[in-house]
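Peer 1: Numbering (our numbering), first residue to last: 15 to 389.
From the three backbone atoms N, C-alpha and C, an ideal C-beta is built for every residue, glycine too.
It should be emphasised that the depicted structure is a prediction, and the values quoted were computed from it without experimental measurement.
What follows is the structure, given as structure tokens:
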């Protein structure tokens with residue numbers, strides 16, 4: 015019977031060890047999924063920041079060109095009214111480009127920051143991961159010390175580990191409830207995430223549904239909301255380029271001092287066109303939609319899979335701990351006494367411990383290692 019109790023306790027502890035292995039795997043998968051989510055948010059923040067930076071840089075450069083080079087050019091070409099009119103036309107086109115480009119920085123001034131969200135997610139995940147590692151290590155130590163107590167038949171160690179098993183059981187049930195609730199909520203979200211993300215983002219940012227639908231859906235059914243601004247800006251840049259070429263061809267032979275502001279304007283125009291092409295690439299939905307897809311894969315594949323493994327770990331550990339709590343008290347009751355002299359004593363103090371049916375007056379049976387004491 016003692017061996018049966020021992021093996022029952024050992025089997026429950028072996029089940030806990032298997033559950034601990036599953037828990038470590040699930041914790042790692044969940045951490046990988048959340049890390050993928052954070053990386054996607056950081057990349058999206060980099061894209062949005064690059065758009066804002068390019069727009070700001072281009073608008074400032076165009077404004078500086080309008081205030082300095084074009085003003086100087088108009089002063090130099092003042093004797094020729096038709097050339098002054100061409101320079102003023104270039105000024106109007108540059109101002110129109112700056113105005114159109116300002117509307118492309120759609121994330122500027124938005125209270126929701128992907129960088130802040132990524133930092134908050136990473137902060138919570140760091141403590142979640144650490145808490146599960148500590149819980150897994152605690153269960154592993156309880157399992158090992160319980161097996162040690164059963165092997166050495168140490169009653170005090172088994173009693174202490176029984177109390178610790180009760181504590182770990184409560185923690186396992188609590189974590190299992192939290193994991194089940196999170197897994198169910200995440201499963202509902204992953205079944206159709208687009209409407210929820212669209213509504214939440216629109217509520218937090220105040221952006222139009224056209225812009226959000228373009229980036230979150232990124233299909234042919236949704237048109238680019240910035241296409242008109244991009245087209246007008248491209249046409250205006252082409253007009254500025256043609257006007258500057260005309261001025262360089264007609265004004266420089268008559269006004270050599272106009273060559274310097276014209277060269278500076280051409281350089282500004284080349285930089286503006288380069289920034290414009292970068293903006294066209296960044297504003298396309300492919301980049302941000304790729305980040306959105308990576309975030310969803312991190313949540314709905316790796317993180318959800320890890321949560322399910324953590325749920326299995328909590329279920330196995332809770333069941334094994336409950337079994338151990340039922341078997342350990344009966345196991346330590348079968349441990350032999352630590353002082354064998356109590357069984358060798360022939361005094362009347364040992365008589366209540368004699369088996370039923372044994373005559374107290376009959377001679378005591380000698381145990382190995384015991385010598386009968388003379389009365």
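With DSSP as the reference, label residue 31 as helix, strand or coil.
Peer 2: Counted from its first residue, the chain shown places residue 31 at position 17. In this structure, residue 31 counts as helix in the three-state DSSP scheme.
Peer 1: Using 8 angstroms as the cut-off, can you tell me whether the segment 199 to 209 makes contact with the segment 304 to 319, which would need three or more C-beta pairs spanning the two stretches below that distance?
Peer 2: Yes, since at least three Cβ pairs between the segment 199 to 209 and the segment 304 to 319 fall closer than 8 angstroms, the two stretches touch.
Peer 1: Using 10 angstroms around the beta-carbon of residue 92, count the other beta-carbons present and answer buried if the total reaches 16, otherwise exposed.
Peer 2: The count along the chain shown starts at 1 and reaches residue 92 at position 78. Its Cβ having fewer than 16 others within 10 Å, residue 92 is exposed.
Peer 1: Report yes or no: do three or more beta-carbon pairs, one from the segment 98 to 111 and one from the segment 237 to 255, lie closer than 8 angstroms?
Peer 2: Verdict: yes, contact present.
Peer 1: Within its chain, find whatever has a CB closer than 7 angstroms to the CB of residue 247; leave out the 5 residues flanking it on each side and keep chain order.
Peer 2: To locate residue 247, count along the chain shown from 1; it is residue 233. Closer than 7 angstroms at the Cβ level, and outside the excluded window around residue 247, lie 111, 114, 115, 290.
Peer 1: Below 8 angstroms on the Cβ atoms is my guess for residue 160 versus residue 172; work out the distance and round it to an integer in Å.
Peer 2: Locating residue 160 in the chain shown gives position 146, counting from the first residue. Locating residue 172 in the chain shown gives position 158, counting from the first residue. Yes, they are in contact, since the Cβ atoms of residue 160 and residue 172 sit about 7 angstroms apart, within 8 angstroms.
Peer 1: Is it buried or exposed for residue 184, if we count other Cβ within 10 angstroms and need 16 for buried?
Peer 2: To locate residue 184, count along the chain shown from 1; it is residue 170. Looking at its Cβ environment, which holds fewer than 16 other Cβ atoms inside 10 Å, residue 184 is exposed.
Peer 1: Using a Cβ-Cβ cut-off of 8 angstroms (strictly less than) and excluding sequence neighbours within five positions of residue 218, which residues of its own chain qualify?
Peer 2: Indexing the chain shown from 1 puts residue 218 at position 204. The residues are 125, 126.
Peer 1: Any heavy atom of the ligand SAM closer than 7 angstroms to the Cβ of residue 205?
Peer 2: This structure does not include the ligand SAM; it has no bound ligands of any sort.
Peer 1: Is the beta carbon of residue 156 closer than 8 angstroms to that of residue 182?
Peer 2: Within the chain shown, the letter at position 168 stands for residue 182. Within the chain shown, the letter at position 142 stands for residue 156. Yes.
Peer 1: Which class does residue 311 belong to by DSSP, given the choice of helix, strand or coil?
Peer 2: Counted from its first residue, the chain shown places residue 311 at position 297. It is helical.
Peer 1: What number of angstroms, rounded off, separates the C-alpha of residue 213 from the C-alpha of residue 297?
Peer 2: Numbered from its first residue, the chain shown carries residue 213 at position 199. Numbered from its first residue, the chain shown carries residue 297 at position 283. Straight-line Cα distance between these residues: approximately 21 angstroms.
Peer 1: Between the Cα of residue 146 and those of 118, 41, 88, spot the shortest distance and give me the residue it belongs to.
Peer 2: Position 132 of the chain shown, counted from the start, is the residue given in the question as residue 146. Looking at the Cα atoms, 41 is the closest of the given residues.
Peer 1: I need the DSSP call for residue 255, collapsed to helix, strand or coil.
Peer 2: Position 241 of the chain shown, counting from 1, holds the residue named residue 255. Reduced to three states, the DSSP call for residue 255 is helix.
Peer 1: Do residue 53 and residue 135 have their C-beta atoms within less than 8 angstroms of each other?
Peer 2: As a working mapping, residue 53 is identified with position 39 in the chain shown. As a working mapping, residue 135 is identified with position 121 in the chain shown. Cβ distance not < 8 angstroms, so residue 53 and residue 135 don't count as in contact.
Peer 1: Should residue 300 go down as buried or exposed, given a rule of 16 or more other Cβ atoms within 10 Å for buried?
Peer 2: Position 286 of the chain shown, counted from the start, is the residue given in the question as residue 300. Exposed, because fewer than 16 other Cβ atoms sit within 10 Å of the Cβ of residue 300.
Peer 1: Can you give me the C-alpha to C-alpha distance between residue 243 and residue 117, rounded to a whole angstrom?
Peer 2: Along the chain shown, read from residue 1 onward, the residue named residue 243 stands at position 229. Along the chain shown, read from residue 1 onward, the residue named residue 117 stands at position 103. So the two alpha carbons sit approximately 8 angstroms from each other.
Peer 1: Please tell me whether residue 282 and residue 75 are closer than 8 angstroms, where the distance is taken between their beta carbons.
Peer 2: If you number the chain shown from 1, residue 282 lands on position 268. If you number the chain shown from 1, residue 75 lands on position 61. The answer is yes: Cβ separation under 8 angstroms.
Peer 1: Going by DSSP in three states, residue 63 sits in which element: helix, strand or coil?
Peer 2: Indexing the chain shown from 1 puts residue 63 at position 49. Note: residue 63 maps to helix in three-state DSSP.
Peer 1: What does the Cβ neighbour count give for residue 170, buried or exposed, with the cut at 16 atoms within 10 Å?
Peer 2: In the chain shown, residue 170 corresponds to position 156, counting from 1. With fewer than 16 other Cβ atoms within 10 Å, it is exposed.
Peer 1: Just curious, the alpha helix (DSSP H) that residue 209 is in, first and last residue?
Peer 2: Counting from one through the chain shown, the residue named residue 209 turns up at place 195. Residues 207 to 219.
Peer 1: Does DSSP classify residue 121 as helix, strand or coil?
Peer 2: Within the chain shown, the letter at position 107 stands for residue 121. Reduced to three states, the DSSP call for residue 121 is coil.
Peer 1: Taking only the alpha-carbon atoms, compute the straight-line gap between residue 88 and residue 256 and give it to the nearest angstrom.
Peer 2: By 1-based counting over the chain shown, the position of residue 88 is 74. By 1-based counting over the chain shown, the position of residue 256 is 242. Spanning the two alpha carbons is a distance of roughly 17 angstroms.
Peer 1: So, for residue 223: in the same chain, excluding its five sequence neighbours on each side, which residues have a beta-carbon less than 8 angstroms away from its beta-carbon?
Peer 2: Residue mapping note: residue 223 aligns to position 209 of the chain shown, counting from 1. Once the five neighbours on either side are set aside, the close Cβ partners of residue 223 are 212, 216.
Peer 1: Which complete alpha helix (DSSP H) runs does the segment 221 to 270 hold, if anything under 4 residues is left out?
Peer 2: DSSP runs (the alpha helix (DSSP H)) wholly in the segment 221 to 270: 223 to 231, 241 to 268.
Peer 1: So, at 7 angstroms on beta carbons, what are the nonlocal neighbours of residue 46 in its own chain, with the 5 sequence-adjacent residues on each side left out?
Peer 2: Walking along the chain shown from the start, residue 46 turns up at place 32. These residues qualify, in order along the chain: 316.
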